[in-house]
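Structure, as C-alpha cells:
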Amino acid sequence: MGEKSEAYHNFMANYRLHSDTGLSSGDIGVVVAYFIVIIIVGVFAMYRANRQTVGGYFLAGRSMLWLPVGASLFVSNIGTEHFIGLAGSGAGSGISVGAWEFNAILLLQLLGWIFIPVYIACGTYTMPQYLSKRFGGTRLRVYFAVLSLVLYIFTKCSGDLFTGALFIQQSLKWDLYLSIVILVSITGLMTITGGLTAVIYTDTIQAFLMVGGGLTLMGLAFKDVGGYDGLVKGYQTAMTNETYRIPNTTCHLPDKNAFRMLREADDDYMPWAGFLLGQTPGSIWYWCADQVIVQRLLAAKSISHAKGATVMAGFIKILPLFMMVMPGMISRIKYPDEVACVDKDICYEICQSYAGCTNIAYPRLVLGIMPEGLRGLMMAVMIAALMSDLDSIFNSAATLFTIDIYKRARKNAGVQELMIVGRIFIVVMIGISIAWVPILKETQGGQVFIYIQEITNYLAPPFAAVFLLAVLVPMVNEKGAFWSLMIGLLTGVTRMILVYIYNDSSGDCLTPDTRPAILKNFHYMYFALLITLMTAVSAIVISYFTGRPTKEQLFRTTYWTRHAEQKTGKEIRDVDGFDNIAMSTSDLNESSVENGTNKMPGTSYNHTVEQSGLKKFRDPNLDRNQKEDEDESSCKAILLKYLCGAGKHDENEDEKLKEHMAKVAELKQNKMAALCLNIGLVVILLIGTFLYFFWSFWRYEPA
Numbered sequence: 030m031g032e033k034s035e036a037y038h039n040f041m042a043n044y045r046l047h048s049d050t051g052l053s054s055g056d057i058g059v060v061v062a063y064f065i066v067i068i069i070v071g072v073f074a075m076y077r078a079n080r081q082t083v084g085g086y087f088l089a090g091r092s093m094l095w096l097p098v099g100a101s102l103f104v105s106n107i108g109t110e111h112f113i114g115l116a117g118s119g120a121g122s123g124i125s126v127g128a129w130e131f132n133a134i135l136l137l138q139l140l141g142w143i144f145i146p147v148y149i150a151c152g153t154y155t156m157p158q159y160l161s162k163r164f165g166g167t168r169l170r171v172y173f174a175v176l177s178l179v180l181y182i183f184t185k186c187s188g189d190l191f192t193g194a195l196f197i198q199q200s201l202k203w204d205l206y207l208s209i210v211i212l213v214s215i216t217g218l219m220t221i222t223g224g225l226t227a228v229i230y231t232d233t234i235q236a237f238l239m240v241g242g243g244l245t246l247m248g249l250a251f252k253d254v255g256g257y258d259g260l261v262k263g264y265q266t267a268m269t270n271e272t273y274r275i276p277n278t279t280c281h282l283p284d285k286n287a288f289r290m291l292r293e294a295d296d297d298y299m300p301w302a303g304f305l306l307g308q309t310p311g312s313i314w315y316w317c318a319d320q321v322i323v324q325r326l327l328a329a330k331s332i333s334h335a336k337g338a339t340v341m342a343g344f345i346k347i348l349p350l351f352m353m354v355m356p357g358m359i360s361r362i363k364y365p366d367e368v369a370c371v372d373k374d375i376c377y378e379i380c381q382s383y384a385g386c387t388n389i390a391y392p393r394l395v396l397g398i399m400p401e402g403l404r405g406l407m408m409a410v411m412i413a414a415l416m417s418d419l420d421s422i423f424n425s426a427a428t429l430f431t432i433d434i435y436k437r438a439r440k441n442a443g444v445q446e447l448m449i450v451g452r453i454f455i456v457v458m459i460g461i462s463i464a465w466v467p468i469l470k471e472t473q474g475g476q477v478f479i480y481i482q483e484i485t486n487y488l489a490p491p492f493a494a495v496f497l498l499a500v501l502v503p504m505v506n507e508k509g510a511f512w513s514l515m516i517g518l519l520t521g522v523t524r525m526i527l528v529y530i531y532n533d534s535s536g537d538c539l540t541p542d543t544r545p546a547i548l549k550n551f552h553y554m555y556f557a558l559l560i561t562l563m564t565a566v567s568a569i570v571i572s573y574f575t576g577r578p579t580k581e582q583l584f585r586t587t588y589w590t591r592h593a594e595q596k597t598g599k600e601i602r603d604v605d606g607f608d609n610i611a612m613s614t615s616d617l618n619e620s621s622v623e624n625g626t627n628k629m630p631g632t633s634y635n636h637t638v639e640q641s642g643l644k645k646f647r648d649p650n651l652d653r654n655q656k657e658d659e660d661e662s663s664c665k666a667i668l669l670k671y672l673c674g675a676g677k678h679d680e681n682e683d684e685k686l687k688e689h690m691a692k693v694a695e696l697k698q699n700k701m702a703a704l705c706l707n708i709g710l711v712v713i714l715l716i717g718t719f720l721y722f723f724w725s726f727w728r729y730e731p732a
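Each residue of the sequence shown is one higher than the one before, starting from 30 at the first, in the numbering used here.
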C-alpha cells in the first residue's frame, strides 16, 4: 500500500507539473476572433433571412444551395462528442469506431435518394408530421415528437455540453458551468434570432474550420509520431506504467485488434455481423428519420441540391477516421499515463472519472503538440463543434415542439404566436439541459461515444423499422405501425432498465462481470437487430389483418407514390388541417377563401388544395393576434421584428415562397444534374464499401 501511495503521489506531482500547458493570450485572441465572426454572421442572417413565416424560419424558405446544406449536414453530426468520443474510443480500442463514419457515408445516400424525395413530395416539415400524413391519426405523431424532444434534451444536448465542458476543463481551467452558460447563451441567441438560415450559414463556416483545424492537428500528430508506421509500432506498447503494477490482467493493454475495423462475429467490441445488421437500423433512424439531420435537406432549394448535399457530406465523412480516431490513438502513445490510466484515484484526479480517461485524448493532444495560435484555432474548432451541434438541436427541437405539440394544443394560434413560442422553447430547453449536466457528469461511462451508441440502440431501431416500412411498404397501416412500435420500444426499454440495474455488476479491469448472461453475452448490436425484426414483422402481420391504408394516406408518402398526380380535391395533405402552417402570413390575411375549399372536421381552418398538394388556410383569430393599428415604431414592435420575425412583410414574397415550395415538391431534375448526381452516388458508394473492406482485412507490417 505504501508503494502504491508513493507511486500515486509521484505520478500526480509529475502530472500537475506538465499539465499547466494552457491557452496563451494569442490563443485566446483566436477564440475571441472566432466568436466575433460567428456573431456577425448571425446578425447578417437575422436581417437577410425570411423569418416571418414558419417555412422561412424553420426551413430557411427552402432556398439553400447544396454546398451550405452539405456542410451543415456534416457539422450537425460532428459535435464535441465526436471529437472527444471518437478520439477517446480510438485511444481505447483502435480504429473500429471509425466504422460508424463509413456507415454514415452509405446511409447519407439512402437519405438523399430514398427518404428525402418522399419527405419533399408530401410537403412535410417534421418527422412526426410525416407519420401523421402517412398513417393518419395523431398518436404516432405526438408520441414520436415527445420522445424525440426528451432524447434531444437528455442525450444529445447534455452530451454535447458534457464533452464540450471536458475540453474547456482540460484547456482553459475556467469554471465549468460558467463556460457552459456563456457558450450555450451565444448559441441560443444565434439560433433564436436567425432560425435555420443562420444555423446553416454558421455551419458552413464551422465546417471549414473543423476540417481545417482537424487536418492541421492530424498532420502535426503524424509528424510527431513518425507517420503511420510510427502509429502502428507505438500503439502496441502504449500503456501506463501502472499496468506493470497490476498482475494477471491484460484489460488495460492496447487492443491486439486495434487496426482492424470489423472483427469476428463474436467479438465483444465490434462484431461484423452485429454492426452491419444490428447497428445499421439505429444509424438509419439517425440519418434518415431524425429531425436534426433531415431538416437540413428539407431546406435545400431543389431535390438536386438535396442529393448533392448528401454526396458532399459523404465525401467529408471519410475524414473523421484520420483526423479524429487516429489522433486519439497517437495521444495514447504520447501520454499513456494520463490517457490510458489504470488506477481509479489517478483517473479521477486527471479527468474526474473513475471509469478511465480515454475521453481526454483529443484535448490532451491539442495542448501537448499544437503551437501558440494553433491551440486557439483548435479551441475554436471545438467550440464550433459544440455550437453547431447545439444550434442544430435547438432549431430542430423548436420545430418539433411548435409544429407537432404546441399547435395541437392551440389550433388557432397565429404565426406571430408560433414564432415566439418556438424561441421561448429554446430558452427552456437550454435551462433544462444545463441543469442535467451535473447528473450526466457523474454517470457517464469510460467511452462516451460507445455509451451513446449503446443507449441509442435500445430505443432507435423500432423507429427505423417503422420509417423504412412507411416509405417502402405501402400495405403497412397505422395500427401496424403503432403497436409494433410499442412492442419494440417496450423490449428496448426493458433491456435498458436492466442494464442500469446491473451497472454496478458489469465489472472492470480488476473485477469480473457478474451480470446475467442475457446482458453479459448478448451484444447490444445483436439486440438492436432483434428488436428491429420484431418491430418489422409485427407491423406487417398486424397491418395484414387490419386493412390497407387509404389512398389519401398513400398520396406522395411512399417511395412508389412520390410522383403521384392529384386528380381530385380529396387528397388533403394533413388530417388536422395543419400541413405547411402559415407558409405566409398573407394567407392568414385573406378575407375570403377561394372556391373549392374543404372544411376539415374538428378544426376552424378553411383549406384550399392546390395542384402541388400544398394548401392555404385562414386563421379566424388573426385579428386578435395581429392588429393592423399596432404602432410599428414602438419598442415592442421593433423587438418582435428583429428577434422573433413578427413584423409585416411583402405579400409578393409570400406568393413567391408558396410557388417555390410547390415547384420543389414536384421533384423535377435537370437531366445533366441528375446524371452527375447519379455518377457521384455510384462513386461514393464504391468508396464507402471499399473503405469497410480495406480497414477490416488489410494488415500493415511496420518496417
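A virtual CB, placed ideally from N, CA and C, is assigned to each residue, including glycine.
Does the count of Cβ pairs from the region 305-325 and the region 487-501 closer than 8 angstroms reach three?
Segments in contact, yes.
Following the continuous alpha helix (DSSP H) through residue 585, name the residue where it begins and the one where it ends.
As a working note, residue 585 is residue 556 in the sequence shown. Segment: none, residue 585 is in no alpha helix (DSSP H) and carries neither H nor E.
Name the DSSP beta bridge partners of residue 93, please?
Looking up residue 93 in the sequence shown gives position 64. The partner list for residue 93 (beta bridge, DSSP) reads 329.
Contact between the region 98-114 and the region 330-340 is defined here as three or more beta-carbon pairs at a separation below 8 angstroms; is this criterion met?
yes
Rounding to the nearest angstrom, what Cα-Cα distance links residue 524 and residue 556 in this structure?
As a working mapping, residue 524 is identified with position 495 in the sequence shown. As a working mapping, residue 556 is identified with position 527 in the sequence shown. Near 9 angstroms, if we compare the C-alpha coordinates of residue 556 and residue 524.
Going by the beta-carbon positions, is the gap between residue 437 and residue 390 smaller than 8 angstroms?
Numbered from 1 along the sequence shown, position 408 holds the residue referred to as residue 437. Numbered from 1 along the sequence shown, position 361 holds the residue referred to as residue 390. No, these two residues do not count as a Cβ contact at 8 angstroms.
Contact between the region 408-422 and the region 139-150: three or more CB pairs below 8 angstroms?
no
Please return the same chain residues whose Cβ sits closer than 6 angstroms to the Cβ of residue 726, not counting the five positions on each side in sequence.
Walking along the sequence shown from the start, residue 726 turns up at place 697. Same-chain partners within the cutoff: there are none.
Would you mind stating whether residue 358 and residue 114 have Cβ atoms separated by less than 8 angstroms?
As a working mapping, residue 358 is identified with position 329 in the sequence shown. As a working mapping, residue 114 is identified with position 85 in the sequence shown. No, the Cβ-Cβ distance between residue 358 and residue 114 is not below 8 angstroms.
Keeping to the same chain, check which residues put their C-beta closer than 7 angstroms to that of residue 575; ignore five residues upstream and five downstream.
Residue mapping note: residue 575 aligns to position 546 of the sequence shown, counting from 1. Hits under 7 angstroms: 506, 508 and 509.
How close, in whole Å, do the beta carbons of residue 258 and residue 731 come, if the pair is a contact with beta carbons under 8 angstroms?
Indexing the sequence shown from 1 puts residue 258 at position 229. Indexing the sequence shown from 1 puts residue 731 at position 702. Sure, about 5 angstroms apart at Cβ, within 8 angstroms.
Would you check if the distance between the CB atom of residue 303 and the CB atom of residue 93 is smaller than 8 angstroms?
Mapped onto the sequence shown, residue 303 falls at position 274. Mapped onto the sequence shown, residue 93 falls at position 64. No. Outside cutoff.
By a C-beta neighbour count over all protein chains shown, 10 Å radius and 16 as the cutoff for buried, is residue 433 buried or exposed?
Taking the first residue of the sequence shown as position 1, residue 433 is located at position 404. It is buried - the Cβ of residue 433 has at least 16 other Cβ atoms within 10 Å.
Could I get the ranges of all uninterrupted alpha helix (DSSP H) runs contained in the region 431-500, with 4 residues as the minimum, in chain order?
444-472
Look at the alpha carbon of residue 558 and the alpha carbon of residue 306, and state the distance between them as a whole number of angstroms.
The residue given as residue 558 occupies position 529 in the sequence shown. The residue given as residue 306 occupies position 277 in the sequence shown. CA-CA distance, residue 558 to residue 306, rounds to 6 angstroms.
Given 7 angstroms as the limit, tell me if residue 234 has its C-beta closer than that to any heavy atom belonging to the ligand COA.
Ligands displayed in this structure: none; no statement on the ligand COA is therefore possible.
Assign residue 365 to one of three DSSP states: helix, strand, or coil.
Mapped onto the sequence shown, residue 365 falls at position 336. Judged by DSSP in its simplified three-state form, residue 365 adopts helix.
Have a look at the DSSP bridge pairing and note the partners of residue 300.
For the purposes of this step, residue 300 is identified with residue 271 of the sequence shown, where counting begins at 1. For residue 300, which the question treats as bridged, DSSP gives the partners 292.
Can you tell me whether residue 584 is buried or exposed? The criterion is at least 16 other CB atoms within 10 Å of its CB, across all chains shown.
Working through the sequence shown from its first residue, we reach residue 584 at position 555. The residue is buried, with at least 16 neighbouring Cβ atoms inside 10 Å.
Locate the alpha helix (DSSP H) running through residue 191, then write down its first and last residues.
Within the sequence shown, numbered from 1, the residue matching residue 191 stands at position 162. Note, residue 191: alpha helix (DSSP H), 187-200.
According to the neighbour-count rule (16 or more other Cβ atoms, all chains shown, within 10 Å of its Cβ), is residue 466 buried or exposed?
Here residue 466 refers to the residue found at position 437 of the sequence shown. Buried: at least 16 other Cβ atoms inside 10 Å.
Check whether the Cβ atoms of residue 56 and residue 109 sit closer than 8 angstroms, and answer yes or no.
Here residue 56 is taken as the residue at index 27 of the sequence shown, counted from 1. Here residue 109 is taken as the residue at index 80 of the sequence shown, counted from 1. With contacts defined by Cβ atoms closer than 8 angstroms, residue 56 and residue 109 do not form a contacting pair.
To the nearest angstrom, report how far apart residue 214 and residue 586 are at their CA atoms.
Residue mapping note: residue 214 aligns to position 185 of the sequence shown, counting from 1. Residue mapping note: residue 586 aligns to position 557 of the sequence shown, counting from 1. The straight-line gap from Cα to Cα measures roughly 38 angstroms.
Whole angstroms is fine: what's the gap from residue 267's alpha carbon to residue 363's?
Indexing the sequence shown from 1 puts residue 267 at position 238. Indexing the sequence shown from 1 puts residue 363 at position 334. Cα-Cα distance, rounded: 8 angstroms.
Taking DSSP as the reference, what is the three-state secondary structure of residue 133?
What you label residue 133 is simply residue 104 of the sequence shown in a count that begins at 1. The answer is helix: DSSP assigns residue 133 an H, G or I state.
Pull up the distance between the alpha-carbon of residue 483 and that of residue 195, whole angstroms please.
What you label residue 483 is simply residue 454 of the sequence shown in a count that begins at 1. What you label residue 195 is simply residue 166 of the sequence shown in a count that begins at 1. Whole-angstrom Cα-Cα distance: 21 angstroms.
Taking DSSP as the reference, what is the three-state secondary structure of residue 611?
Here residue 611 refers to the residue found at position 582 of the sequence shown. Unreliable placement is indicated for residue 611, whose pLDDT of 37 sits below 50; the coordinate value is still reported in the next sentence. Reduced to three states, the DSSP call for residue 611 is coil.
For residue 577, collect the residues of the same chain with a Cβ closer than 7 angstroms to its Cβ; drop the 5 residues on either side in sequence, then sort them by chain order.
Residue 577 sits at position 548 when you count from the first residue of the sequence shown. Correct list, in chain order: 504 and 506.
Excluding the 5 residues flanking residue 712 on each side, which residues of the same chain have their C-beta closer than 6 angstroms to its C-beta?
Taking the sequence shown and counting its residues from 1, the one referred to as residue 712 is at position 683. Excluding positions up to five away in sequence, the list is empty.
Where does residue 592 sit, in a helix, a strand or coil, going by DSSP?
As a working mapping, residue 592 is identified with position 563 in the sequence shown. Here residue 592 sits in coil by DSSP.
Does the count of Cβ pairs from the region 375-388 and the region 167-185 closer than 8 angstroms reach three?
no
Assuming residue 256 is part of the alpha helix (DSSP H), what are its boundary residues?
Locating residue 256 in the sequence shown gives position 227, where the first residue counts as 1. Counting along the chain, the alpha helix (DSSP H) containing residue 256 begins and ends at 256-264.
If we call anything under 8 angstroms between Cβ atoms a contact, is residue 127 one with residue 724?
On the sequence shown, position 98 is the one that residue 127 refers to. On the sequence shown, position 695 is the one that residue 724 refers to. Result yes, Cβ atoms of residue 127 and residue 724 sit closer than 8 angstroms.
How big is the Cα-Cα spacing for residue 326 and residue 319?
By 1-based counting over the sequence shown, the position of residue 326 is 297. By 1-based counting over the sequence shown, the position of residue 319 is 290. If I take the Cα positions, the gap works out to 11 angstroms.
Rounding to the nearest angstrom, what Cα-Cα distance links residue 715 and residue 133 in this structure?
The residue labelled residue 715 in the question sits at position 686 within the sequence shown. The residue labelled residue 133 in the question sits at position 104 within the sequence shown. Roughly 13 angstroms separates the two Cα atoms.
Which residue comes first and which comes last in the alpha helix (DSSP H) that contains residue 146?
Here residue 146 refers to the residue found at position 117 of the sequence shown. Note, residue 146: alpha helix (DSSP H), 145-150.
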